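**Q** This is the structure I have questions about; it appears just below.
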Amino acid sequence: MAIILLVLLLYGLLHFSPIQTWVVKKVAANLSEKLNTTVTVKKVDLAFFNKLSIEGLMVEDRKKDTLLYAGSARVNLTDWFFLKDKITFQYIALSDAIVNMNRTDSVWNYQFLMDYFISPKKSSGKSASFEFDLKEIHLNNIYFNKVDKWIGQDMIGSIKNADIKMESVDHKNKQVIINDIYLDQPYFAISDYTGFETSIKDSTEIISKVPETNAFRWNNSGWVIQMKKLQIYNGSFANDKETIRAPYTDQFDGQHLKFSSISGSIDELVFKEDTLKANILLTANERSGLQIKKLRSNMRFTPEQMEFNNLDIEINNSRISNYFSMNYNHFSEDMNDFINKVTLKIDLQESKISSDDISIFAPGMANWKKIFYAEGNAEGTIDNFSAKKLKIKSGNTIIDGDLALRGLPDIHSTFIDYKGNSLQTNYSDLVTLIPALKNIRQPQFNKLGNLYYKGNFTGFLNDFVAYGTIATDLGVINADLNMKLPDHGNPSYSGKLVTNGFKLGQFINDPKVGSISLNGKLTGSGFELSKLNANFDGNISQIEYNGYNFQNLVINGDFNKNLFTGHLTI
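So that you can map any letter, position 400 of the sequence shown is 746 in this note's numbering, and since no number is skipped, the others follow by simple counting.
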């Protein structure tokens, strides 16, 4: 916007025939009178009708506040420019510039400039608009401040140095081609809050009048922008939304974003209709502790989707590839409720994910201290997520199957639906996921050793149904079992068990008991004899006890602590 305002003013200052250096100040005074404001210039040098140097250019708005100040501006333009209908700005250099844009109602403080230079003239009915072309732009210490109290959105932008090399600006075909841009320490911040206007009826009316074929959210005017290369060094970006609460300090906060140390390149950028495409390679840090060490991808950005093809991203202790996309209805609104409203689609290949990095978004995983190696496809919102052909390895745990999670980021209230080809784990990995296992001293789950499970798992970590085959160091169990493992109180269970030669004695730490083979229904609570309250109905084909091997027991009865009540046939 600063460049556009400067070009407009230079056009107003220069488009007189003939012109001499001393005339420019008088032209500035003439513009001040016509614009009903103040335009001042401290020093002007003009040479050969194509070179201009201005120092101390200041333009005030109608309230006598500074709209534009340029410490110095140098311009090389078309020879004998005042005889041309279209001016080519071969070179523009702007230093120590400030642009202040603001409004408290529907009219901006710069609108009078747009009306004067671009709006049709009443006398002739002809448009006062003009065409120009740009070739090189060099900026140094530029500050941009936009305060929109009408809508409720403020923007601040600044840059230490910028070099822009243009190829062409084609007004007729609405096309801008940029060769390359270099930005040193760019800063951009946007904050949204409650504005004076609570409902924007004008915007709704304008959108409804736009033909459906041109009804784009971002680019109704139909311009096409191409850029071959953009380099960024040490940039910053902040986005704040008005919230009752204070910003989170211990996790990622989608409503209070703050990225710093943004560096990298963007190549082959094309912005056409409502689609932005580019090849990106960036690094950045976010105030939550998220470190983007490398982000390389073919990016596609639309009002409904942000897509990363050929993705290779390294964050903190994780590396993710190969595809990632985010789908939403309204970018700014849905990003504020990222967990529930943004649909993710992921194709993982040879990816490494740290639970410490996930805890930046889901603090409940801060104590997991795990590294996951993952492959597979996943889709859904964070709170309703499903994965197909998923393979995950972490420590001694390997998961291979289809997985659906509903209720994240709180893993303990998340409903899990797992259909597995195989699951391998052990006690130390399980207690990380199910801390309640630590409270169970009898039976001794740690004696199970390595566990291999093939089947389905449905429910919560502390309340689930497992249907399948479990192979352990103590034997094999076929189960269709519902298990409840509360943080406090006795565990409870119900379902069907089938086993052949399971080493029950080692499991319950009783040297009198050996192996057992059974097929029956089990319902009860507690595992320790002093707390046991269970019912068993079925057959025990074999059990070792006190050195004897009993066979063909038929049992239907209750076990209450050390007492059995019921029917036993042997």
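C-beta atoms are modelled at their ideal positions from N, C-alpha and C, and glycine is treated no differently. As the structure is a computational prediction, the values presented were derived from the model and not from experiment.
So what does DSSP say about Leu-779, is it helix, strand or coil?
**A** In the three-state reduction of the DSSP assignment, Leu-779 falls in the helix class, which pools H, G and I.
**Q** Can you tell me where the alpha helix (DSSP H) holding Gln-852 begins and where it ends?
**A** 850 to 854
**Q** Whole angstroms are fine: how far does the CA of Ala-825 sit from the CA of Leu-843?
**A** 5 Å
**Q** Thinking Ile-706 and Gln-597 are a contact (beta carbons under 8 Å), I'd like their distance in whole angstroms, please.
**A** About 6 Å separates the beta carbon of Ile-706 from that of Gln-597, a gap short enough to meet the 8 Å contact definition.
**Q** Using the three-state DSSP reduction, which class does Ala-375 fall into: helix, strand or coil?
**A** helix
**Q** Distance check for Lys-389 and Gly-498, CA to CA, integer angstroms please.
**A** 39 Å
**Q** According to DSSP, which residues form a beta bridge with Phe-542?
**A** DSSP lists no partner for Phe-542.
**Q** Check whether the Cβ atoms of Asn-422 and Gln-436 lie closer than 8 Å to each other.
**A** Contact: yes.
**Q** Bridge partners of Asp-746, per DSSP?
**A** Partner(s): Lys-737 and Ser-768.
**Q** With three or more beta-carbon pairs closer than 8 Å as the criterion, would you say the segment 527 to 546 touches the segment 577 to 589?
**A** The answer is yes - the segment 577 to 589 touches the segment 527 to 546, with three or more Cβ pairs under 8 Å.
**Q** So, at 6 Å on beta carbons, what are the nonlocal neighbours of Arg-633 in its own chain, with the 5 sequence-adjacent residues on each side left out?
**A** Lys-604
**Q** Quick check: the Cα distance between Lys-472 and Lys-380, rounded to an integer number of angstroms?
**A** Low local confidence applies: a pLDDT of 45 at Lys-472 is under 50, so the model's placement there is unreliable, and no value is given.
**Q** Ile-757 and Gly-710 - do their beta-carbons sit closer together than 8 Å?
**A** yes
**Q** How about Asp-830 and Gly-814: do their beta carbons lie closer than 8 Å?
**A** First, the amino acid is wrong: residue 830 is Lys here, not Asp. Against a cut-off of 8 Å, the Cβ pair of Gly-814 and Lys-830 comes out as no contact.
**Q** Within the continuous beta strand (DSSP E) that includes Asn-802, where are the two ends?
**A** 797 to 806
**Q** Can you find the residues in the same chain that come closer than 8 Å, C-beta to C-beta, to Gly-541, ignoring five residues on each side of it along the sequence?
**A** Asp-494, Lys-495, Trp-496, Ile-497, Gly-498 and Gln-499
**Q** Assess, as a yes-or-no matter, whether the segment 708 to 723 is touched by the segment 733 to 742 under the definition of 3 or more beta carbon pairs within less than 8 Å.
**A** yes
**Q** Should Asn-455 be labelled buried (16 or more other beta-carbon atoms within 10 Å of its own) or exposed?
**A** buried
**Q** Beta-carbon separation of Lys-640 and Asp-658 under 8 Å?
**A** yes
**Q** Taking Asn-486 as the reference, give the member of Thr-450, Tyr-462, Ile-523 and Pro-532 with the closest Cα.
**A** Pro-532
**Q** Whole angstroms is fine: what's the gap from Lys-492's alpha carbon to Asn-644's?
**A** 32 Å
**Q** Can you check whether the CB of Arg-420 is closer than 8 Å to the CB of Asn-382?
**A** no
**Q** Are Trp-569 and Lys-520 close, meaning C-beta to C-beta below 8 Å?
**A** yes
**Q** Buried or exposed: Tyr-894, going by 16 or more other Cβ atoms within 10 Å of its Cβ?
**A** Burial check for Tyr-894: the Cβ neighbour count within 10 Å stays below 16, so the residue is exposed.
**Q** Within the continuous beta strand (DSSP E) that includes Thr-668, where are the two ends?
**A** According to the sequence provided, residue 668 is Asn. The question's Thr does not apply to it. In this chain, the beta strand (DSSP E) harbouring Asn-668 covers 668 to 673.
**Q** Classify His-758 as helix, strand or coil using the three-state DSSP reduction.
**A** In the three-state DSSP reduction, His-758 falls in the helix class (H, G or I).
**Q** So, are the CB atoms of Phe-654 and Phe-670 less than 8 Å apart?
**A** In contact: Phe-654 and Phe-670 (Cβ atoms closer than 8 Å).
**Q** Looking only at C-alpha atoms, which of Leu-636, Gln-572, Ile-626 and Asp-530 sits nearest to Asp-599?
**A** Leu-636
**Q** Quick one: Cα of Ile-524 to Cα of Ser-514, how far?
**A** Taking the straight line from one Cα to the other gives about 7 Å.
**Q** Going by C-alpha to C-alpha distance, which of Phe-803, Thr-434, Pro-857 and Leu-398 sits closest to Leu-440?
**A** Leu-398
**Q** Could I get the ranges of all uninterrupted alpha helix (DSSP H) runs contained in the segment 398 to 462, with 4 residues as the minimum, in chain order?
**A** Segments of the alpha helix (DSSP H) lying fully in the segment 398 to 462: there are none.
**Q** State the Cα-Cα distance for the pair Met-404 and Tyr-489, rounded to the nearest angstrom.
**A** 14 Å
**Q** Hey, Phe-848 and Ile-816: beta-carbon distance below 8 Å or not?
**A** no
**Q** What residue does the beta strand (DSSP E) around Ser-701 start on, and which one ends it?
**A** No beta strand (DSSP E) holds Ser-701; the alpha helix (DSSP H) holding it covers 701 to 704.
**Q** Can you tell which of Ile-608, Gly-870 and Gln-572 has the C-alpha that lies nearest to the C-alpha of Leu-827?
**A** Gly-870
**Q** Starting from Ile-527 and walking both ways along the beta strand (DSSP E), at which residues does that stretch end?
**A** 521 to 530
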